[in-house]
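Step one of this worksheet: look at the structure below.
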Amino acid sequence: MLANLISFFITLKNRLKTPRCFFLIGGVLAFFPANLLAQPLELPQKGEVKIEFAERFSITRLRNGCRLLEIKKPVGRKRGLWFTYLLVPKGQPVPKGYDYDELVSIPVRTVTCASGFHVSLVALLGHFDAVVGVSGKMRVGNERIHEMLDAGEMAALGDSQNMNMETLVETRPDVAFIYGSGSDFDMQEKIHQFGITPGLICAHLEAQPLGVLEWIKFIGAFFQKEAIAQAYFDSVKTQYLNYQRVADAVAQKPGVIVGHNRKGAWTTHGSSAWFVQFLLDAGANYILEPKNEYEENVVSLEVAIQKGIKADYWVNPQWDVRKISELLGQDKRYGIFKSVQTGQVYNNNASAFNNGRNRFWETGMMEPQVVLADLIKIFHPELLPEHKLVYYRKLD
1 MLANLISFFI
11 TLKNRLKTPR
21 CFFLIGGVLA
31 FFPANLLAQP
41 LELPQKGEVK
51 IEFAERFSIT
61 RLRNGCRLLE
71 IKKPVGRKRG
81 LWFTYLLVPK
91 GQPVPKGYDY
101 DELVSIPVRT
111 VTCASGFHVS
121 LVALLGHFDA
131 VVGVSGKMRV
141 GNERIHEMLD
151 AGEMAALGDS
161 QNMNMETLVE
171 TRPDVAFIYG
181 SGSDFDMQEK
191 IHQFGITPGL
201 ICAHLEAQPL
211 GVLEWIKFIG
221 AFFQKEAIAQ
231 AYFDSVKTQY
241 LNYQRVADAV
251 AQKPGVIVGH
261 NRKGAWTTHG
271 SSAWFVQFLL
281 DAGANYILEP
291 KNEYEENVVS
301 LEVAIQKGIK
311 ADYWVNPQWD
321 VRKISELLGQ
331 DKRYGIFKSV
341 QTGQVYNNNA
351 SAFNNGRNRF
361 WETGMMEPQV
371 VLADLIKIFH
381 PELLPEHKLV
391 YYRKLD
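Numbering (full-length UniProt numbering), first residue to last: 1 to 396.
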């Protein structure tokens, strides 16, 4: 039954009137009826949980519903860290023989979130009400969160690297979900010192879009909602791979660049490995950076201009840009780019919350199959003639 959960709540979107409505996915309001959320897990009792695309974590099922969660730093990667959680259901004894950094009683009741993506993951699992604090309005677009912040019903904690510890301690969540990159600016040790469990989310370090989404399984373990997490992931994965197979058939792969000039250097914001994989899966050739060197995202302005002259397309030029004239106003050299001359510049800011926050970085990460379809439509419009762009727009 849970395997059909996703299609079920979509068909109910026009009939259900319930406060448990969480966020928009591609313009569709997503609901999880409470009776389905309360169903027992239909999962094996022991063994490794199948993680198909994410490289940064693993989950092992132990006896009595316990879970061992390990955050990993893949061999050869410059960014990342090692961290281990032992999750123990309330009332169960702590299993012996396991090393861990944090012991967590599950299901957790309250959490804080560093980004809108984290909020969306928690909400999809049916626990929007568990969110008692967020970084602030800048990184979260969810309108309900903004209303609660304005009403003083939600704690504003500040960014992961500059968190207001006094506010966090007053909020006292069971888990504080934060970014984890393995840098000196990570906050997990400081949060732990204040007696709060840091929930490290390293999805931004993943190499594939489906790997980013697969972190829903990680968060699902804290809420004992692994079956829902698996059902949702499987549904999205099937659609994503179907689109990918469509694009794999193309013979000509257009050249693409990403980013913009910022103070004399080219920033490739958003062109981390998982976004580059989006481009490759959409049948494009990412020509800005050498293969397998996406982790650092360091590109000289000279190299970027040389690549821009040749690239057929330019995507994600700057988050708020809507017109080519705006780009040329920032740097006239953009005028020599092939993509500018042919009008093939696209930005991922077509969909926004009422407060102006870009949905791409929140709901877009929840439905990578739609983002992929957008990119295929841009690079190979003949392959998806009926698809209408959701997250991307062509610059005027």
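Each residue gets a CB set at the ideal place from its N, CA and C atoms; glycine is no exception.
Problem set entry | Selection from Leu62, Thr60, Leu384 and Lys50 that minimises the alpha carbon distance to Asn242 | Leu384
For this session: Enumerate, from N- to C-terminal direction, the unbroken beta strand (DSSP E) stretches of 3 or more residues contained entirely within the region 271-354.
Result: Residue ranges of uninterrupted beta strand (DSSP E) with 3 or more members, entirely inside the region 271-354 and ordered along the chain, are 313-315 and 345-347.
Problem set entry | First through last residue of the alpha helix (DSSP H) which encompasses Val119 | Gly116 to Leu124
Exercise. Taking C-beta to C-beta, are Ser160 and Met138 nearer than 8 Å?
Worked result: No, the Cβ-Cβ distance between Ser160 and Met138 is not below 8 Å.
Exercise. By DSSP, does Ser196 sit in helix, in strand, or in coil?
Worked result: As written in the sequence, residue 196 is Ile, which differs from the Ser given in the question. If DSSP states are grouped into helix, strand and coil, Ile196 belongs with coil.
For this session: Go ahead and pull the three-state DSSP assignment for residue 429.
Result: With the chain covering 1 to 396 only, the question about residue 429 has no answer from this structure.
Exercise. So, helix, strand or coil for Arg70, using DSSP?
Worked result: Contrary to the premise, residue 70 reads as Glu rather than Arg in this sequence. Strand, per DSSP.
For this session: Would you check whether the ligand NAD has a heavy atom nearer than 7 Å to the C-beta of Gly343?
Result: Among the components modelled here there is no ligand, and therefore nothing to report on the ligand NAD.
Problem set entry | Residues sharing a beta bridge with Ile84, DSSP | Inspection of the sequence shows that residue 84 is occupied by Thr rather than by Ile. Partner(s): Glu70.
Exercise. Just curious, the alpha helix (DSSP H) that Leu149 is in, first and last residue?
Worked result: Glu143 to Asp150
For this session: Please go through the same chain and pick out, in chain order, the residues whose beta-carbon is closer than 7 Å to the beta-carbon of Ile145, but skip the five residues on each side of it.
Result: Val119, Val134 and Met154
Exercise. Which value, in whole angstroms, describes the spacing of the CA atoms of Lys217 and Lys225?
Worked result: 8 Å
Exercise. CA-CA distance, Asp281 and Ile191?
Worked result: Across the structure, Asp281 and Ile191 are spaced so that their CA atoms are roughly 38 Å apart.
Exercise. Can you check whether the CB of Ala221 is closer than 8 Å to the CB of Ile378?
Worked result: no
Exercise. Does the distance from the C-beta atom of Asn349 to that of Asn358 stay below 8 Å?
Worked result: yes
For this session: Assess, as a yes-or-no matter, whether the region 273-289 is touched by the region 88-103 under the definition of 3 or more beta carbon pairs within less than 8 Å.
Result: no
Problem set entry | Nonlocal neighbours in the same chain, by C-beta distance under 7 Å from Gln369, ignoring five residues either side | Val236, Gln239, Tyr240 and Tyr243
Problem set entry | Spatial neighbours of Tyr313 in its chain, beta-carbon cut-off 8 Å, leaving aside the 5 residues before and after | Pro254, Gly255, Val256, Ile257, Ala284, Ser339, Gln344, Val345, Tyr346, Ile378 and Phe379
For this session: Would you kindly work out how many angstroms separate the C-alpha atoms of Val111 and Lys310, rounded to a whole number?
Result: 47 Å
For this session: Tell whether a beta-carbon distance below 8 Å holds between Ser181 and Leu205.
Result: yes
Exercise. Is the beta carbon of Phe337 less than 8 Å from the beta carbon of Gly141?
Worked result: no
For this session: Using a threshold of 8 Å, state whether the C-beta atoms of Phe57 and Leu69 are closer than that.
Result: yes
Exercise. In three-state terms, what does DSSP make of Gly47?
Worked result: strand
Exercise. Taking the alpha-carbon positions, what's the Val104 to Tyr85 distance?
Worked result: 7 Å
Exercise. In angstroms, rounded to a whole number, what distance separates the CA positions of Phe31 and Pro381?
Worked result: Because Phe31 carries a pLDDT of 41, less than 50, the predicted location of this residue cannot be relied on, and the following value inherits that uncertainty. Spanning the two alpha carbons is a distance of roughly 32 Å.
Exercise. Under 8 Å between the Cβ atoms of Gly116 and Glu362?
Worked result: yes
Exercise. How big is the Cα-Cα spacing for Ala3 and Phe233?
Worked result: Because Ala3 sits at a pLDDT of 37, beneath the cut-off of 50, its placement in the model cannot be relied upon, and the point is left open.
For this session: Could you pull the start and end residues of the beta strand (DSSP E) that Thr112 belongs to?
Result: Val111 to Cys113
Problem set entry | Backbone secondary structure at Val212 - three-state DSSP | Of the three classes helix, strand and coil, the one that applies to Val212 here is helix, per DSSP.
Problem set entry | Whole-Å CB distance - Ala207 paired with Glu55, under 8 Å assumed | Ala207 to Glu55, Cβ: 6 Å. Contact.
Problem set entry | Extent of the continuous alpha helix (DSSP H) run through Gly91 | No alpha helix (DSSP H) contains Gly91, which DSSP labels as neither H nor E.
Exercise. For Phe22, is the classification buried or exposed, using 16 other Cβ atoms within 10 angstroms of its Cβ as the cut-off for buried?
Worked result: Its pLDDT being 36, under 50, Phe22 is placed unreliably by the model, and the measurement read from it follows with that caveat. The residue is buried, with at least 16 neighbouring Cβ atoms inside 10 Å.
Exercise. Out of Phe83, Asp248 and Val175, which has the shortest C-alpha to C-alpha gap to Arg109?
Worked result: Val175
For this session: Give me the Cα-Cα distance between Ile376 and Leu395, rounded to the nearest whole angstrom.
Result: Distance between the alpha carbons of Ile376 and Leu395 is about 17 Å.
Exercise. Can you list, in chain order, the residues of its chain whose CB lies under 8 Å from that of Gly211, leaving out five sequence neighbours each side?
Worked result: Phe53, Ala54, Glu55, Arg56, Ala203 and Trp274
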